[in-house]
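In the order they appear, the protein sequences are chains H and F. Numbered by the working numbering, the letters in the first sequence go through residues 1 to 261 in order. Numbered by the working numbering, the letters in the second sequence go through residues 1 to 385 in order. Glycine residues also receive a C-beta, built at the ideal position from the N, C-alpha and C atoms. Computed from a predicted model, the values in this text were never measured in an experiment.
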Amino acid sequence: MLKIEDLRVSIGDKEVLRGINLHIREGETFILFGPNGSGKTSLLMTLMGFSGYTVTGGSIIFRGQDITHMPMYERARLGIGMSFQRPPTIHGLKTRDLVLRCARGREIDPEAMAAKVNFTDFLERDINAGFSGGEIKRSELLQLMAQKPSFVLFDEPESGVDLENMQLIGKVVRRLLDGEVDMPPGACAKPLKCKLRTSGLIITHTGYILDYINADRGQVLYQGHLCCEARPRDILEHIRSFGYQECIKCLNEPAPGQIVL
Amino acid sequence: MKDVKLSDYTFSGVEHGEIADLRTLDKSDKNRILYAGVDLDQGDGSALFMQMDQSTVHCETRDPGLELLDINVAMKRYDGLPEFAWKLVDRDKDEFTRAVADKTHGGYFIRTKPGAVIKKPVQSCLFLKADKAGQNVHNIVVVEEGSEVHIMTGCSTAHGETHAAHLGITEYYVKKGGKLTFTMIHNWGEGASVRPRSVGVVEEGGVFQNNYVLLSPVGTLQMYPTINLNGRGSIARFNSVIVTPPGSYVDCGNRVIMNAPETRCEIISRTITTGGVNIARGHIAGNAVPCRGHLECKGLILGGGQMLAVPELDATVEGVDLSHEAAVGKIAQEEIEYLMARGMDEAEATSTIVRGFLNVDIMGLEGPLARAIQEQVAQIDKNGI
Numbered sequence: 001m002l003k004i005e006d007l008r009v010s011i012g013d014k015e016v017l018r019g020i021n022l023h024i025r026e027g028e029t030f031i032l033f034g035p036n037g038s039g040k041t042s043l044l045m046t047l048m049g050f051s052g053y054t055v056t057g058g059s060i061i062f063r064g065q066d067i068t069h070m071p072m073y074e075r076a077r078l079g080i081g082m083s084f085q086r087p088p089t090i091h092g093l094k095t096r097d098l099v100l101r102c103a104r105g106r107e108i109d110p111e112a113m114a115a116k117v118n119f120t121d122f123l124e125r126d127i128n129a130g131f132s133g134g135e136i137k138r139s140e141l142l143q144l145m146a147q148k149p150s151f152v153l154f155d156e157p158e159s160g161v162d163l164e165n166m167q168l169i170g171k172v173v174r175r176l177l178d179g180e181v182d183m184p185p186g187a188c189a190k191p192l193k194c195k196l197r198t199s200g201l202i203i204t205h206t207g208y209i210l211d212y213i214n215a216d217r218g219q220v221l222y223q224g225h226l227c228c229e230a231r232p233r234d235i236l237e238h239i240r241s242f243g244y245q246e247c248i249k250c251l252n253e254p255a256p257g258q259i260v261l
Numbered sequence: 001m002k003d004v005k006l007s008d009y010t011f012s013g014v015e016h017g018e019i020a021d022l023r024t025l026d027k028s029d030k031n032r033i034l035y036a037g038v039d040l041d042q043g044d045g046s047a048l049f050m051q052m053d054q055s056t057v058h059c060e061t062r063d064p065g066l067e068l069l070d071i072n073v074a075m076k077r078y079d080g081l082p083e084f085a086w087k088l089v090d091r092d093k094d095e096f097t098r099a100v101a102d103k104t105h106g107g108y109f110i111r112t113k114p115g116a117v118i119k120k121p122v123q124s125c126l127f128l129k130a131d132k133a134g135q136n137v138h139n140i141v142v143v144e145e146g147s148e149v150h151i152m153t154g155c156s157t158a159h160g161e162t163h164a165a166h167l168g169i170t171e172y173y174v175k176k177g178g179k180l181t182f183t184m185i186h187n188w189g190e191g192a193s194v195r196p197r198s199v200g201v202v203e204e205g206g207v208f209q210n211n212y213v214l215l216s217p218v219g220t221l222q223m224y225p226t227i228n229l230n231g232r233g234s235i236a237r238f239n240s241v242i243v244t245p246p247g248s249y250v251d252c253g254n255r256v257i258m259n260a261p262e263t264r265c266e267i268i269s270r271t272i273t274t275g276g277v278n279i280a281r282g283h284i285a286g287n288a289v290p291c292r293g294h295l296e297c298k299g300l301i302l303g304g305g306q307m308l309a310v311p312e313l314d315a316t317v318e319g320v321d322l323s324h325e326a327a328v329g330k331i332a333q334e335e336i337e338y339l340m341a342r343g344m345d346e347a348e349a350t351s352t353i354v355r356g357f358l359n360v361d362i363m364g365l366e367g368p369l370a371r372a373i374q375e376q377v378a379q380i381d382k383n384g385i
C-alpha cells in the first residue's frame, strides 16, 4: 500500500525526518508514537504533499506509484485522505458544499453521512467557522467519509475531544478503517470488509483511540528516526512506564555523522 | 479619480421607439442584460421597465399593488412630483446631477399601494446600446406604509467595448413599516463612465436592504449611495460585491445616517481587485441613541491593482454603538492546501475560496441569474490568477 524508503525531509534549513523506512500493507492500521517535535506531523504532512516540507532524499511509493513529488490533489485523488488537526476556516464555503466536493461526483447523501457523526446541524455552517475541537474532528471525519480514501492519515484523532465525543469519533474512525462508510444497505458485511478495508497511519499521544480500532503495528518516531517497532499497546505501555528516553537506546539506524545522544 | 468629460458624449438624439415585447431583443443584448441580473426571456416580474439609451422603451405593470411609470410621464401626471423629485438629491450637487436635472431622458417612478406586499420583483433594465451615448435617468421609488417590494435593476452596455456615460439619480422613500429590497447588478465595459447619485429616507420601522454586484470591468464608476434612517426602529443593510479587473476604476461606498433612536445598520462589502483600482468607502453616522451600526470591508488583491479601504464612523451623541472592520489580504496558502487535500486542483481550490469570499449567495439570487453570476466569478479566477 505505502512504502517509504530512506525518506529525508527538511523544513527550511532544518532536517526534520532523517531517513524514514516504513511499509504499511493493504488494510493495515499503523500507529505512530513520539514526543512533541519528533517529526510525526511532518511525516503526515510530507505524505500528503504540503508545501514547506522539502523531500531531500528517499521516496514514497503508494500503490506502486512514486508520489514523492506529486501534487497534493493528485495524491488525494489516488486515495490518500487526511484528517486535519487545525483546519482553516473558509468563509462562505458551507460544510455541505465541501462534503459534496469531497465526493468528487460520486453520489452521496450528505444528510445521512452527517447523521453518522451527529453533524446534521452544521451542514449549512461555513466550514470550520467557530467549530470546537470535537466539532472539527466530526467535520473532518464527515469529509473523509465523503472522500472515501483507501489510505487515511490521522493526526491525533483524540486531541481536544471530550469523553462523549471520543466514543463517537472512535467508532467512526473504526468504521472508516473497516471500509463500512457507505456500504449498500443489506450487503453482507463480512466478505466485503476484507476487500474494502482502508489502511491508516495514525498519530496518537494518549492512545485513547486504541480502545476503538484494531491497530496492527506501531512504531516510535524520535528525533526524526523511526525505532521500536512493536504492538501499539505494548509501545504505549512502555512509554507510560519509561517515557520516550528509553527509545533512543534502540534507534534503528542512526544516520552517518549523526550525534547519538 | 478618473474624470468624466461630459462633452465626449452625445446627450440628445439617441432615441428608440417602444418595444412591446422585450423577448424580441437581440440575443446578444438579452445575454448582456442577463449578466446584469434581468432575465428578459423569463420576464416574470411584477413589473418590467426598460430604458434604452435615451428612451423608455418598455414600461409595464402586472401587479395591481404597484404603480410603474416613466419618470417624465409621472412628472407630468403628478405636477412635478413635488413631494419626491429632487427632495433628497441636490440638483446642484455636481455636474452630473445638473446634467440630469437639465435633461432627464427617462427613468422610472415606482410606487406601491399602502400595505401591498409585492411578491415578485420589479425588473428594471437600464441599457446603453449606442456608442458615445450619454444617458440621464432619474428614478424615484416610493414604498408606501406597510408595503414591501423587491426591485431588481440591471445596468448594462450592449458590448464590453461600448463607450457610453450613465448618469443616474435615484431617490428612495420607504414609509412607515415599509420594506424595500433593492438589488442592482452592473455589467458595463471598459469604455463606460458611470455616475449614480442615490439618496434614500426610511421612516419608522422601515427596512432598506441593498444588494450591489459588479463583477465585470468598468471604465470609471463613482457612487456613494446614502440612506437616512429618520424613523425610530428603521434598518438599513448594504451588501456589495465588487471586482475590479485591470483598467477598472471603482470608487464606491455606502453611507448610513442614523437620525432616530433604535436604528440599526450594517454595511458589508467584499472587493477583489485583479489589476484595477478599487476604493471601498463606508460611512456610518450615529446622531441618536440607542443606535447600532457595523461596517465591514474586506478586500483581496489577486495579481495586482490597488485597494483603498476608507471606513468612517461619525458619532455625535453619547451612547452610540458603531464599529468597523477593514482588511485587505490574499488567499491563504493554508486554505488552498486544505481543499487540495480533498482532491481539488489549485485552480478549483482558489475559485472555491474566491466564491466563498464574495459570498454572492447571501443575496438569495436564483436560477439563471445565480448561474450567470457564478460564471462571472469563475471568469475572475481565470483572469486574476
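Between the stretch 26–37 of chain F and the stretch 136–143 of chain F, do at least 3 Cβ pairs fall closer than 8 Å?
The answer is no - the stretch 136–143 of chain F does not touch the stretch 26–37 of chain F, with fewer than three Cβ pairs under 8 Å.
If contact is defined by three or more beta carbon pairs under 8 Å, each pair taking one atom from either stretch, is the stretch 330–345 of chain F in contact with the stretch 306–314 of chain F?
no
Rank H:Val117, H:Ala129, H:Ser132 and H:Val161 by C-alpha distance to the C-alpha of methionine 145 of chain H and give the top, closest one.
Within the first sequence, numbered from 1, the residue matching residue 145 of chain H stands at position 145. The shortest C-alpha separation from methionine 145 of chain H is found at H:Val117.
Using a Cβ-Cβ distance under 8 Å, would arginine 237 of chain F count as near chain H?
For the purposes of this step, residue 237 of chain F is taken as residue 237 along the second sequence, with counting starting at 1. Not one beta carbon of chain H lies nearer than 8 Å to the beta carbon of arginine 237 of chain F.
Expected contact under 8 Å - CB spacing of alanine 116 of chain F and valine 14 of chain F to nearest Å:
Stepping through the second sequence from its first residue, residue 116 of chain F is reached at position 116. Stepping through the second sequence from its first residue, residue 14 of chain F is reached at position 14. With 8 Å as the limit, alanine 116 of chain F and valine 14 of chain F do not qualify as a contact, their Cβ atoms being about 36 Å apart.
Please report whether the beta-carbon of glycine 45 of chain F lies at a distance below 8 Å from any beta-carbon of chain H.
By one-based count along the second sequence, residue 45 of chain F stands at place 45. It does not: the Cβ of glycine 45 of chain F has no partner Cβ on chain H nearer than 8 Å.
For isoleucine 203 of chain H, does the three-state DSSP call read helix, strand or coil?
The sequence position of residue 203 of chain H within the first sequence is 203, counting from 1. Collapsing the DSSP output to three states places isoleucine 203 of chain H in a strand.
From the DSSP output, which residues share a beta bridge with serine 193 of chain F?
Against the second sequence, residue 193 of chain F aligns to sequence position 193. Partner(s): F:Ala165 and F:Thr220.
If we ignore side chains and look at the alpha-carbon of each, how far apart do histidine 16 of chain F and threonine 61 of chain F end up?
Translated into positions along the second sequence, residue 16 of chain F becomes position 16. Translated into positions along the second sequence, residue 61 of chain F becomes position 61. Their Cα atoms are separated by approximately 20 Å.
Please determine, among H:Ser150, H:Gly170, H:His91 and H:Asp109, the residue with the shortest C-alpha to C-alpha distance to phenylalanine 131 of chain H.
Counting from 1 along the first sequence, the entry for residue 131 of chain H is found at position 131. Closest by alpha carbon: H:His91.
Considering only C-alpha positions, which residue in the set F:Val213, F:Asn254, F:Ser240 and F:Gly247 is nearest to phenylalanine 226 of chain F?
The residue given as residue 226 of chain F occupies position 226 in the second sequence. Here residue 226 of chain F is threonine; the residue named in the question, phenylalanine, does not match the sequence. When only C-alpha atoms are compared, the closest one is F:Asn254.
Close Cβ partners of glycine 39 of chain H (< 7 Å) along its chain, the five nearest in sequence each way excluded
Along the first sequence, read from residue 1 onward, the residue named residue 39 of chain H stands at position 39. Result list for glycine 39 of chain H: Val16, Leu17, Leu221 and Gly224, in chain order.
Let's see if you can read the secondary structure: which residues bound the beta strand (DSSP E) around glycine 58 of chain H?
Position 58 of the first sequence, counted from the first residue, corresponds to residue 58 of chain H. 54–62 is the span of the beta strand (DSSP E), which, as asked, contains glycine 58 of chain H.
Apply the 10 Å Cβ neighbour rule to glutamine 219 of chain H and answer buried if 16 or more other Cβ atoms are within range, or exposed otherwise.
Residue numbering aside, residue 219 of chain H sits at position 219 when the first sequence is read from its first letter. That one is buried.
What's the gap between the Cα of proline 261 of chain F and the Cα of glycine 231 of chain F?
For the purposes of this step, residue 261 of chain F is taken as residue 261 along the second sequence, with counting starting at 1. For the purposes of this step, residue 231 of chain F is taken as residue 231 along the second sequence, with counting starting at 1. Approximately 8 Å between the Cα atoms of the pair.
Just to confirm, is the Cβ distance from isoleucine 213 of chain H to threonine 41 of chain H under 8 Å?
Working through the first sequence from its first residue, we reach residue 213 of chain H at position 213. Working through the first sequence from its first residue, we reach residue 41 of chain H at position 41. Taking 8 Å as the Cβ cut-off, isoleucine 213 of chain H and threonine 41 of chain H do not qualify as a contacting pair.
Secondary structure at phenylalanine 84 of chain F, three-state DSSP: helix, strand or coil?
In the second sequence, residue 84 of chain F corresponds to position 84, counting from 1. Residue state, collapsed to three classes: coil.
Answer yes or no: does any C-beta atom of chain C fall closer than 8 Å to that of methionine 363 of chain F?
You won't find chain C in this structure, because its protein chains are H and F.
Measuring CB to CB, does leucine 123 of chain H end up less than 8 Å from threonine 95 of chain H?
The sequence position of residue 123 of chain H within the first sequence is 123, counting from 1. The sequence position of residue 95 of chain H within the first sequence is 95, counting from 1. Cβ atoms of leucine 123 of chain H and threonine 95 of chain H: closer than 8 Å.
Considering only the alpha carbon of each residue, which of H:Val172, H:Phe151, H:Gln147 and H:Val152 lies closest to arginine 101 of chain H?
By 1-based counting over the first sequence, the position of residue 101 of chain H is 101. With distances taken between Cα atoms, arginine 101 of chain H lies closest to H:Gln147.
Alpha helix (DSSP H) runs wholly inside the stretch 125–173 of chain H, at least 4 long, in chain order
133–147
Under the three-state reduction of DSSP, which class applies to serine 28 of chain F: helix, strand or coil?
If you number the second sequence from 1, residue 28 of chain F lands on position 28. Here serine 28 of chain F sits in helix by DSSP.
Out of F:Ile268, F:Ala315 and F:Thr274, state which residue places its alpha-carbon closest to the alpha-carbon of alanine 288 of chain F.
Taking the second sequence and counting its residues from 1, one reaches residue 288 of chain F at position 288. Closest option to alanine 288 of chain F, Cα to Cα, is F:Ala315.
Just to confirm, are leucine 167 of chain F and alanine 99 of chain F a CB contact at a threshold of 8 Å?
As a first step, residue 167 of chain F is located in the second sequence; it is residue number 167 there, counting from the start. As a first step, residue 99 of chain F is located in the second sequence; it is residue number 99 there, counting from the start. In this structure, alanine 99 of chain F lies closer than 8 Å to leucine 167 of chain F by Cβ.
How would you list, in chain order, the residues of chain H whose beta-carbon sits under 8 Å from the beta-carbon of alanine 260 of chain F?
Counting from one through the second sequence, the residue named residue 260 of chain F turns up at place 260. What alanine 260 of chain F touches in chain H: nothing, since even the nearest Cβ is about 33 Å away.
Same chain, Cβ closer than 8 Å to proline 71 of chain H, neighbours up to 5 away in sequence not counted
Numbered from 1 along the first sequence, position 71 holds the residue referred to as residue 71 of chain H. Excluding residues within five positions, the ones whose Cβ falls inside 8 Å are Gly49.
Between which two residues does the beta strand (DSSP E) holding glutamate 229 of chain H run?
Taking the first sequence and counting its residues from 1, one reaches residue 229 of chain H at position 229. Per DSSP, glutamate 229 of chain H belongs to the beta strand (DSSP E) from 225–230.
Rounded C-beta distance between threonine 274 of chain F and alanine 280 of chain F? I'm assuming under 8 Å.
Against the second sequence, residue 274 of chain F aligns to sequence position 274. Against the second sequence, residue 280 of chain F aligns to sequence position 280. Contact doesn't hold; Cβ gap of about 15 Å is too wide.
Between the C-alpha atoms of leucine 221 of chain F and leucine 81 of chain F, what's the straight-line distance to the nearest angstrom?
In the second sequence, residue 221 of chain F corresponds to position 221, counting from 1. In the second sequence, residue 81 of chain F corresponds to position 81, counting from 1. For leucine 221 of chain F and leucine 81 of chain F, the distance between alpha carbons rounds to 29 Å.
Coil, strand or helix - cysteine 194 of chain H by DSSP
Taking the first sequence and counting its residues from 1, the one referred to as residue 194 of chain H is at position 194. Because the pLDDT at cysteine 194 of chain H is just 49, under 50, the model does not fix this residue reliably, and the point stays unresolved.
Mind reading off the beta-carbon distance from tyrosine 249 of chain F to glycine 282 of chain F? Whole number of angstroms is fine, and I expect it under 8 Å.
On the second sequence, residue 249 of chain F is found 249 positions in, with the first residue counted as 1. On the second sequence, residue 282 of chain F is found 282 positions in, with the first residue counted as 1. Contact doesn't hold; Cβ gap of about 18 Å is too wide.
Are the beta-carbon atoms belonging to lysine 175 of chain F and glutamate 203 of chain F less than 8 Å from one another?
Taking the second sequence and counting its residues from 1, the one referred to as residue 175 of chain F is at position 175. Taking the second sequence and counting its residues from 1, the one referred to as residue 203 of chain F is at position 203. In this structure, glutamate 203 of chain F lies closer than 8 Å to lysine 175 of chain F by Cβ.
Kindly indicate which residue of F:Leu229, F:Val122, F:Val360 and F:Arg371 has the alpha-carbon position closest to the one of tyrosine 173 of chain F.
In the second sequence, residue 173 of chain F corresponds to position 173, counting from 1. It is F:Leu229.
Quick one: using the 10 Å Cβ neighbour count with 16 as the cut-off for buried, is aspartate 211 of chain H buried or exposed?
Sequence index remark: in the first sequence, residue 211 of chain H carries index 211 (1-based). Counting Cβ neighbours within 10 Å, aspartate 211 of chain H comes out exposed, since fewer than 16 surround it.
Between the stretch 55–77 of chain H and chain F, which residues of the former have CB atoms less than 9 Å from a CB of the latter, in chain order?
Pro71, Met72, Tyr73, Glu74, Arg75, Ala76 and Arg77
Going straight from the alpha carbon of glycine 74 of chain H to that of phenylalanine 62 of chain H, what length do you get?
For this step, residue 74 of chain H is matched to residue 74 along the first sequence. For this step, residue 62 of chain H is matched to residue 62 along the first sequence. According to the sequence displayed, residue 74 of chain H carries glutamate and not glycine. Taking the Cα positions, glutamate 74 of chain H is about 12 Å away from phenylalanine 62 of chain H.
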